[in-house]
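S.K.: As they're listed, the protein sequences go chains A and B.
The opening residue of the first sequence carries number 776 in my numbering; numbering runs sequentially from there.
The opening residue of the second sequence carries number 99 in my numbering; numbering runs sequentially from there.
Cβ atoms here follow ideal geometry from the backbone N, Cα and C, with glycine treated the same way.
If you're wondering where the values come from, they're calculated on a predicted model, not measured in any experiment.
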Amino acid sequence: MGAAVTQEESELDWDALYADQAPRVYNYFRFRLAGADVEDLTSRTFEKAWRSRARYRRDLAGFSTWLFKIAHNVALDHLQRLRSHLPIDAAAEVATERTPERDAERDSDLAHLAHLTASLPDRERELIALKYGAELNNRMIARLIGLSESNVGTILHRTVQSLRARWQADEARSHE
Amino acid sequence: MNDDFLHRLRVRPAPQFLARLKSKLDREPLRPRVSVVSTVLAAVLAGASAWALASFALRGEFAGLHWSVWGIHAAGSEYVAKSAPPRAGSPDSRQGWGPNPWAAANRPAQEPSHKNTAIATPGVVPIPQSTTAAPGATTAQYSGGVGLVQAPPVRLRMGVAPGAELLVRRMVERFVRGGNTLPEPTVGTTERLLASLCAAGRPLDFVVVPRRMTAAESAGCNTPWGGGAVEVKLGSEALVIVRSRLYGALPLSTLDIYRALGKTIPGPGNPGALMLNRYTTWNEVDRALPPDRIQVLGPAFDSAQGQLFRRFVMQRGCESVPSFDALQSADQEVACRDVRTDGAYASAPEQYPALLQKLQMLPTLLAIVPYGTLQLTGDALIASPIDGIEPTPATIASGAYPGSRIVYLYANRNPRVSPAVLRFLKYGLDALDMDAPSGAFVPVPRAERDQIRTSTLSTLTQ
Chain A
776 MGAAVTQEES ELDWDALYAD QAPRVYNYFR FRLAGADVED LTSRTFEKAW
826 RSRARYRRDL AGFSTWLFKI AHNVALDHLQ RLRSHLPIDA AAEVATERTP
876 ERDAERDSDL AHLAHLTASL PDRERELIAL KYGAELNNRM IARLIGLSES
926 NVGTILHRTV QSLRARWQAD EARSHE
Chain B
99 MNDDFLHRLR VRPAPQFLAR LKSKLDREPL RPRVSVVSTV LAAVLAGASA
149 WALASFALRG EFAGLHWSVW GIHAAGSEYV AKSAPPRAGS PDSRQGWGPN
199 PWAAANRPAQ EPSHKNTAIA TPGVVPIPQS TTAAPGATTA QYSGGVGLVQ
249 APPVRLRMGV APGAELLVRR MVERFVRGGN TLPEPTVGTT ERLLASLCAA
299 GRPLDFVVVP RRMTAAESAG CNTPWGGGAV EVKLGSEALV IVRSRLYGAL
349 PLSTLDIYRA LGKTIPGPGN PGALMLNRYT TWNEVDRALP PDRIQVLGPA
399 FDSAQGQLFR RFVMQRGCES VPSFDALQSA DQEVACRDVR TDGAYASAPE
449 QYPALLQKLQ MLPTLLAIVP YGTLQLTGDA LIASPIDGIE PTPATIASGA
499 YPGSRIVYLY ANRNPRVSPA VLRFLKYGLD ALDMDAPSGA FVPVPRAERD
549 QIRTSTLSTL TQ
């Protein structure tokens, strides 16, 4: 009794949602947890979402908001697992851990960015990942993080300014 | 560093990863949701019923009302069960099918409209104006081009077999642009058209059909009225089944395709009867095939290419079912004609990039496309061999590839008619003078084409 998939849910185009959201989730993890197995985290997010998609309610949240709540939790689980296996000091360095395989990547801009964001507070790192990795707008980010839209804009602006300054300083140092 | 720079750091995930994950997700059923409200309501009702029964028992009234209480409950339950229709999306209403991801993007193809009903009707019937009229033609006849010197009216009578309308349209358009007029072609079965070609009273002057004339049919044209028939090989039409090259070709037989896509198929338990097709994976169709979900995108059924697909592949597959002969003729027609509308087959996106994207993302997805499209895609797609035969220019030109057929034009050589036919062919063959496939049409090689043109025109001018 009461077991039913509503008409509205059954009409969602899951293929289209997947095609649209998979690259966003993938890049969210790339920005948020550089050095992690991004494919694995993306898979875990979608598997969780697909398993519970019948519980997704359009009247409560947009699909992206719902999906990125799941992605956020997957990221937190990942970080907690890391922290339970590594000394606290090492956890901050995971994003920039140096291995021969990652040497090439380390030189890339994203690796440089990861190095810079590793020292940011969690909230700012999350905002950067949602804004530039997942390409969510400020309103959606605000809904996810529980901040006001203007607050999100302000924090992002300050964070990018700070990153830019440190980026330029790094570049200047490398030219010396 | 600015916003653009940060956005540019994004990358597209590897297609193989996306496809692998999607394939995994596709195996995840959409589990029904248990509504909290209805669960609570059910619990309250159950509790109340239990409380009422206990009250009756405690007050010593249970014995007297026992049957009536159960009678009321029984009747109430039955009424609810009978009156409540299956809820949309419930397992019952899905007939055992999982969620249909194509439902929103591609509504099940509509059954043929009146146009196609006419095409499907045996016998010779006029082609509706909308299916064959040249652009701008609004009257019952193809009208001549504006500003051209009008030639004397050519009163030709033309017959077209179903599916060849696109090819004929191309020829007719060229003819009309030359300042000629042509009555609407009639469409009918190949047998009827060929029989009409040389019949008394000159019902038709030339016909376009998808097979060669038999010796008996040819002999039928050697009458005083007929004067023999001239054969012109116009080219071939071919549709191919493709998959993204990332996942390789899926070799199929016409029987597999029919069993996977036919709306009704002969039941294994009762070969003389049709059953609704509920195969969901290819290995249910044929154990040798992989356990991939049956998902095929193709032309809309009411399009010319949709008609071609039915006639090329579905008809052949249907007729190759071992128990086909056990079906009644009406069932045979239904079995061979109707394609699934439950999501296993859906209309392909019209834009090629959208189709390609879907094919790259979904490893189990197949698409039916014109041969010309395959040629344009480079290495992105790979065609399935059908009945072990690869679609190549050679197998298509010979008609060996099951997804192809050779189209012929037969003209009446009656001296009173042949000048007009000659005039039509001079224009019409020009329209087919191409070296690369166009859509489903595959031209004959240039050398052969030149030879056909020369011999045809010389035969008609003799």
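Mind checking if R435(B) is an interface residue toward chain A, Cβ cutoff 8 Å exclusive?
M.R.: Your numbering for residue 435(B) matches position 337 in the second sequence. For R435(B), no Cβ of chain A is located within less than 8 Å of the residue's own Cβ.
S.K.: Cβ of G194(B) less than 8 Å from any chain A Cβ?
M.R.: The residue given as residue 194(B) occupies position 96 in the second sequence. Caution applies to G194(B), whose pLDDT of 24 falls short of 50 and renders its modelled position unreliable; the model cannot decide the point.
S.K.: Is there a Cβ from chain B that is less than 8 Å from the Cβ of A870(A)?
M.R.: Residue numbering aside, residue 870(A) sits at position 95 when the first sequence is read from its first letter. At A870(A), the pLDDT of 41 sits below 50, so the modelled position is not reliable; the number obtained from the coordinates is stated separately. It does not; no Cβ of chain B falls within 8 Å.
S.K.: Keeping to the same chain, check which residues put their C-beta closer than 8 Å to that of A201(B); ignore five residues upstream and five downstream.
M.R.: Counting from one through the second sequence, the residue named residue 201(B) turns up at place 103. No answer about A201(B) holds up, because its pLDDT of 28 lies below 50 and its placement is not dependable.
S.K.: Hey, out of Q855(A), L816(A), A791(A) and Y793(A), whose CA is closest to Y803(A)'s CA?
M.R.: Within the first sequence, the letter at position 28 stands for residue 803(A). Comparing Cα-Cα distances from Y803(A) to each of Q855(A), L816(A), A791(A) and Y793(A), the minimum goes to L816(A).
S.K.: Using beta carbons (cut-off 8 Å, strictly below), is L885(A) in contact with chain B?
M.R.: Working through the first sequence from its first residue, we reach residue 885(A) at position 110. Chain B contact via Cβ: present.
S.K.: Under 6 Å Cβ to Cβ from G276(B), same chain only, skipping five residues before and after it: list those, please.
M.R.: Locating residue 276(B) in the second sequence gives position 178, where the first residue counts as 1. Closer than 6 Å at the Cβ level, and outside the excluded window around G276(B), lie Y525.
S.K.: Report yes or no: is there a C-beta of chain B within less than 8 Å of the C-beta of A794(A)?
M.R.: Numbered from its first residue, the first sequence carries residue 794(A) at position 19. Yes, because at least one Cβ of chain B sits closer than 8 Å to the Cβ of A794(A).
S.K.: With H, G and I counted as helix, E and B as strand and the rest as coil, what does DSSP make of V338(B)?
M.R.: As a working note, residue 338(B) is residue 240 in the second sequence. DSSP places V338(B) in strand when its eight states are reduced to three.
S.K.: Can we say the stretch 443-459 of chain B touches the stretch 362-372 of chain B, given the rule of at least three CB pairs closer than 8 Å?
M.R.: no
S.K.: Taking the continuous beta strand (DSSP E) assigned at T51(B), which residues delimit it?
M.R.: Missing from the structure shown is residue 51(B); chain B here goes from 99 to 560 and no further.
S.K.: Taking only beta-carbon atoms, is E814(A) less than 8 Å away from chain B?
M.R.: For the purposes of this step, residue 814(A) is identified with residue 39 of the first sequence, where counting begins at 1. It does: the Cβ of E814(A) has a partner Cβ on chain B nearer than 8 Å.
S.K.: Out of curiosity, what's the CA-to-CA distance linking R826(A) and R125(B)?
M.R.: Mapped onto the first sequence, residue 826(A) falls at position 51. Mapped onto the second sequence, residue 125(B) falls at position 27. About 10 Å.
S.K.: To the nearest angstrom, report how far apart R503(B) and I392(B) are at their CA atoms.
M.R.: Start at 1 with the first residue of the second sequence, and residue 503(B) comes out as number 405. Start at 1 with the first residue of the second sequence, and residue 392(B) comes out as number 294. Straight-line Cα distance between these residues: approximately 26 Å.
S.K.: When the distance is taken between beta carbons, is R819(A) closer than 8 Å to V849(A)?
M.R.: Taking the first residue of the first sequence as position 1, residue 849(A) is located at position 74. Taking the first residue of the first sequence as position 1, residue 819(A) is located at position 44. Closer than 8 Å, so yes.
S.K.: Pull up the distance between the alpha-carbon of V540(B) and that of V340(B), whole angstroms please.
M.R.: Counted from its first residue, the second sequence places residue 540(B) at position 442. Counted from its first residue, the second sequence places residue 340(B) at position 242. Roughly 17 Å separates the two Cα atoms.
S.K.: Could you tell me how far apart the beta carbons of Q473(B) and A534(B) are, in whole angstroms, since I believe they sit closer than 8 Å?
M.R.: The sequence position of residue 473(B) within the second sequence is 375, counting from 1. The sequence position of residue 534(B) within the second sequence is 436, counting from 1. Between A534(B) and Q473(B) the Cβ distance is about 7 Å, and since that is below 8 Å, they are a contact.
S.K.: When burial is assigned at 16 or more other CB atoms within 10 Å of the CB, is M311(B) buried or exposed?
M.R.: Taking the first residue of the second sequence as position 1, residue 311(B) is located at position 213. Label assigned to M311(B): buried.
S.K.: Please go through the same chain and pick out, in chain order, the residues whose beta-carbon is closer than 8 Å to the beta-carbon of H847(A), but skip the five residues on each side of it.
M.R.: Position 72 of the first sequence, counted from the first residue, corresponds to residue 847(A). Contacts found: E901 and L919.
S.K.: May I have the straight-line CA-CA distance separating L359(B) from A791(A), to the nearest angstrom?
M.R.: Counted from its first residue, the second sequence places residue 359(B) at position 261. Counted from its first residue, the first sequence places residue 791(A) at position 16. Cα-Cα distance, rounded: 23 Å.
S.K.: Counting only C-beta atoms, is V394(B) closer than 8 Å to chain A at any point?
M.R.: What you label residue 394(B) is simply residue 296 of the second sequence in a count that begins at 1. So, not an interface residue.
S.K.: Answer with buried or exposed for G257(B), where buried requires no fewer than 16 other C-beta atoms within 10 angstroms of its C-beta.
M.R.: Position 159 of the second sequence, counting from 1, holds the residue named residue 257(B). Buried, since its Cβ has 16 or more Cβ neighbours within 10 Å.
S.K.: Tell me the start and end of each unbroken beta strand (DSSP E) in the stretch 448-499 of chain B that is at least 3 residues and wholly inside, in chain order.
M.R.: For the stretch 448-499 of chain B, whole beta strand (DSSP E) runs of length 3 or above, ordered along the chain, are 463-468 and 479-481.
S.K.: Here's the rule I'm using: 16 or more other beta-carbon atoms within 10 Å means buried, otherwise exposed. How should N100(B) be labelled?
M.R.: Within the second sequence, numbered from 1, the residue matching residue 100(B) stands at position 2. It is exposed - the Cβ of N100(B) has fewer than 16 other Cβ atoms within 10 Å.
S.K.: Answer with yes or no whether the minimum CB distance from P111(B) to chain A is below 8 Å.
M.R.: For this step, residue 111(B) is matched to residue 13 along the second sequence. Yes, its Cβ sits closer than 8 Å to a Cβ of chain A.
S.K.: To which residues does DSSP link I504(B) through a beta bridge?
M.R.: Along the second sequence, one-based indexing puts residue 504(B) at 406. In the DSSP assignment, I504(B) is bridged to S334(B).
S.K.: Examine the Cβ distances between the stretch 467-485 of chain B and the stretch 336-351 of chain B and report whether three or more of them are shorter than 8 Å.
M.R.: yes
S.K.: Please compile the residues from chain A whose C-beta is within a distance smaller than 7 Å of the C-beta of F115(B).
M.R.: For the purposes of this step, residue 115(B) is taken as residue 17 along the second sequence, with counting starting at 1. Within chain A, the residues near F115(B) are E814.
S.K.: Is it buried or exposed, T554(B), if we count other Cβ atoms within 10 angstroms and call 16 or more buried?
M.R.: Looking up residue 554(B) in the second sequence gives position 456. Around the beta-carbon of T554(B), 16 or more other beta-carbon atoms lie within 10 Å, marking it buried.
S.K.: Could you pull the start and end residues of the beta strand (DSSP E) that L372(B) belongs to?
M.R.: For the purposes of this step, residue 372(B) is taken as residue 274 along the second sequence, with counting starting at 1. Run containing L372(B): L372 to L374, per the beta strand (DSSP E) assignment.
S.K.: Out of L931(A), D795(A) and L885(A), state which residue places its alpha-carbon closest to the alpha-carbon of P896(A).
M.R.: Residue numbering aside, residue 896(A) sits at position 121 when the first sequence is read from its first letter. Nearest to P896(A) by alpha-carbon distance, out of L931(A), D795(A) and L885(A), is L931(A).
S.K.: Shorter than 8 Å from the beta carbon of S839(A) to some beta carbon of chain B?
M.R.: Position 64 of the first sequence, counting from 1, holds the residue named residue 839(A). S839(A) does not count as touching chain B.
S.K.: Say whether chain B places a C-beta atom closer than 8 Å to the C-beta of N802(A).
M.R.: In the first sequence, residue 802(A) corresponds to position 27, counting from 1. Cβ-Cβ to chain B under 8 Å: yes for N802(A).
S.K.: Can you grab the Cα-Cα spacing for the pair S496(B) / N912(A), in whole Å?
M.R.: Numbered from 1 along the second sequence, position 398 holds the residue referred to as residue 496(B). Numbered from 1 along the first sequence, position 137 holds the residue referred to as residue 912(A). Using only the alpha carbons, I get a separation of about 58 Å.
S.K.: Report the partner residues of A386(B) according to the DSSP bridge assignment.
M.R.: Position 288 of the second sequence, counting from 1, holds the residue named residue 386(B). Answer by DSSP bridge pairing: none, since A386(B) is not bridged.
S.K.: Output the distance between the C-alpha atoms of V780(A) and T378(B), rounded to the nearest integer angstrom.
M.R.: The residue you call residue 780(A) lines up with position 5 of the first sequence. The residue you call residue 378(B) lines up with position 280 of the second sequence. Per-residue confidence for V780(A) stands at a pLDDT of 37, beneath the threshold of 50, marking its modelled position as unreliable; the derived number appears in the next sentence. Each residue's alpha carbon lies about 20 Å from the other.
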